[in-house]
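See below for the structure under consideration.
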Amino acid sequence: MKTENPIQIAVLGLGYVGCVTAACLASLGHRVLGIDRDERKVHQVRNGRAPFYEPGLEELVRDNVAAGRLAASSAADGIGAADVALVCVGTPSEKNGNLGLVQLRRAVEEIAARLPQRSKPLIVAIRSTVFPGTCEELVQPAFANHAGVRIVSNPEFLREGSAVHDFFDPSLMVVGSDSPEAARAVAALYAPIGIEPCLVSLRTAEMIKYACNAFHAVKISFANEVGALCEKLDMDAHEVMTTLCADVKLNLSPAYLKPGFAFGGSCLPKDLRALVYRTGRLDLKLPLLESAMPSNDQHLKRALEAVLDLPAQRLGVIGLAFKEDTDDLRESPVVTLLEQLIGKGRDVRVFDPRIRLDAIYGTNRNYILETIPHIGRLLTASLDQVLEWADYLLLAQKQDAATMERIHATGLPLIGLVNGAFHSVIAGPAASHAAS
Ligand code: NAD
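Numbering of the sequence shown is given in this note's numbering, commencing with residue 3 and proceeding in unit increments.
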């Protein structure tokens with residue numbers, strides 16, 4: 003699996019990420035110069051040795067140095083000949099938790115200092131983990147006077163201990179750039195591996211890395227908290243988690259992983275509350291599970307603030323139950339949202355295709371009439387009644403294509419809770435449609 007068009011790559015930083023990247027890219031056939039300020043690491047690589055222990059790395063470094071594809075230097079001068087500079091320097095935590103960008107700033111300055119001596123274009127790809135916006139705010143400005151430089155974000159996902167294996171069989175390949183050609187050129191470096199790259203914007207690439215690491219941390223903490231509870235209950239935690247993982251429709255799947263509105267309904271809030279109550283009685287602290295309800299409350303609060311900010315005189319809400327295609331109103335976050343809006347004196351009407359007072363009966367009808375009569379009074383019998391009355395719409399549930407077409411046809415401004423981006427207006431402002 004060697005590349006047919008080897009290009010010159012400079013890898014800045016020969017730490018865990020940089021040295022593995024340099025040696026693996028060299029083994030794909032590229033000509034790679036590893037650059038590090040640490041003379042000891044440079045000396046090790048030059049002598050065909052890995053500067054730290056990582057399974058398989060020593061052999062890769064040895065073979066590729068011997069083959070003349072991998073070299074190392076403590077001076078950044080070699081950047082002059084490179085087509086791509088991969089920046090793999092450290093971004094350690096500062097005392098306050100912020101990301102330390104000292105190494106990155108310096109590496110970028112060192113690259114910029116070599117540019118006046120060269121005429122060919124250069125791609126600067128940031129492989130270090132950096133907070134969204136860093137490429138735009140720190141890296142791009144450093145090259146503002148160099149028209150031939152393109153910036154790419156190419157975060158690394160390898161794990162120490164299996165870094166070489168992860169390089170050749172990555173879980174994910176993300177390349178972000180404003181320049182499609184530069185993104186394609188960086189993706190092409192890894193072409194022999196055969197993974198389909200995700201081509202995204204600079205900021206998205208930076209954010210994906212954080213989202214992945216946060217997700218991994220949350221997964222580990224979740225499994226450990228379930229494990230701790232199982233232990234207290236004298237149960238086999240591995241049997242519980244293995245069985246949980248057997249569900250690849252709802253548990254290990256994209257389900258519940260789309261930003262949207264707060265959760266609700268008759269199960270999740272009730273069962274989380276019971277779990278937290280019972281663990282408290284067992285003298286067990288499970289901060290992750292305990293934080294799920296407060297997190298949900300915060301999300302509801304963000305939605306409320308966004309809705310209160312709307313210049314709406316008459317707010318038409320579409321969807322009342324906690325999700326579409328149910329008439330169960332128990333613990334619907336939309337009900338809570340409406341209660342807050344009414345409390346603030348907002349003029350609101352609601353339509354939910356599954357909740358029509360003239361059509362529902364039994365428990366659900368009694369719940370509306372007896373437990374939430376103040377919400378029941380807001381319900382309209384048809385979508386048209388809301389559309390004709392409102393000057394602003396709030397989409398609280400997904401609707402079918404035909405309903406969305408009718409909504410859009412009004413030209414009314416519309417914000418949605420369903421995609422989690424509460425502040426974005428997803429339909430244009432009303433032209434002349436404002437019923438009295
Ligand atoms: P590291 O500390 O092991 O290596 C960084 C190297 O950069 C050091 O050898 C340092 O001497 C060198 N360096 C600093 N400034 C330099 C400069 N101006 N020019 C040349 N070399 C310079 O760090 P690491 O673990 O390889 O991590 C690098 C980045 O990758 C970090 O942002 C990290 O968060 C991210 N990352 C790390 C891992 C991991 O498992 N270690 C995985 C994915 C992403």
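We treat Cβ as the ideally placed atom computed from N, Cα and C, and that holds for glycine. Just so we're clear, the structure is a prediction, and the values are computed from it rather than from any experiment.
| Query | Result |
| --- | --- |
| Contact between the region 275–285 and the region 343–356 (3+ Cβ pairs under 8 Å) | no |
| Secondary structure of L288, DSSP reduced to three states | coil |
| T136: CB within 8 Å of a non-hydrogen atom of ligand 1 | no |
| Buried or exposed (CB count within 10 angstroms, at least 16 for buried), Y192 | buried |
| Residue span of the beta strand (DSSP E) that contains L14, given as start and end | Q10 to L14 |
| Closer than 8 Å: I222 CB and nearest ligand 1 heavy atom | no |
| Per-residue DSSP class, three states only, for L317 | strand |
| Limits of the unbroken beta strand (DSSP E) element including L397 | Y394 to L397 |
| Uninterrupted alpha helix (DSSP H) stretches inside the region 204–252 (no shorter than 4 residues) | 204–234 and 239–248 |
| DSSP bridge partner residues for S95 (one or two, in chain order) | L101 |
| Straight-line gap, I9 to G80 (C-alpha atoms, nearest Å) | 14 Å |
| Separation of F353 from S434, as counted between CA atoms | With a pLDDT of 33 at S434, under the threshold of 50, the predicted position of this residue should be treated as unreliable, though the coordinate-derived value follows. Approximately 22 Å between the Cα atoms of the pair. |
| Residue range of the unbroken alpha helix (DSSP H) whose run includes R186 | P182 to L191 |
| Extent of the continuous alpha helix (DSSP H) run through L27 | Y18 to S29 |
| G36 to V188 span [Cα, whole Å] | 17 Å |
| Collapsed DSSP secondary structure at V388 in the structure displayed | helix |
| Cβ shell of S155 (< 6 Å), same chain only, five flanking positions each side left out | I128, C137, G178, L204, A207 and E208 |
| Residues of its chain near V166, where Cβ-Cβ distance is below 7 Å and the 5 sequence neighbours each way are ignored | V22, C26, E56, P57, G58, L59 and L62 |
| V154, DSSP secondary structure in three states | strand |
| Selection from G70, E292 and V388 that minimises the alpha carbon distance to R408 | V388 |
| Any non-hydrogen atom of ligand 1 closer than 8 Å to I37 Cβ | yes |
| A87 (DSSP reduced to helix, strand or coil) | strand |
| Closest residue to V86 among S29, A230 and K122 (Cα-Cα distance) | K122 |
| Run of the beta strand (DSSP E) containing A73, from where it starts to where it stops | L72 to S75 |
| Continuous beta strand (DSSP E) stretch holding S297: start and end | Note, S297: premise wrong, no beta strand (DSSP E); alpha helix (DSSP H) at A294 to L310. |
| Backbone CA spacing between I11 and L117 [nearest angstrom] | 15 Å |
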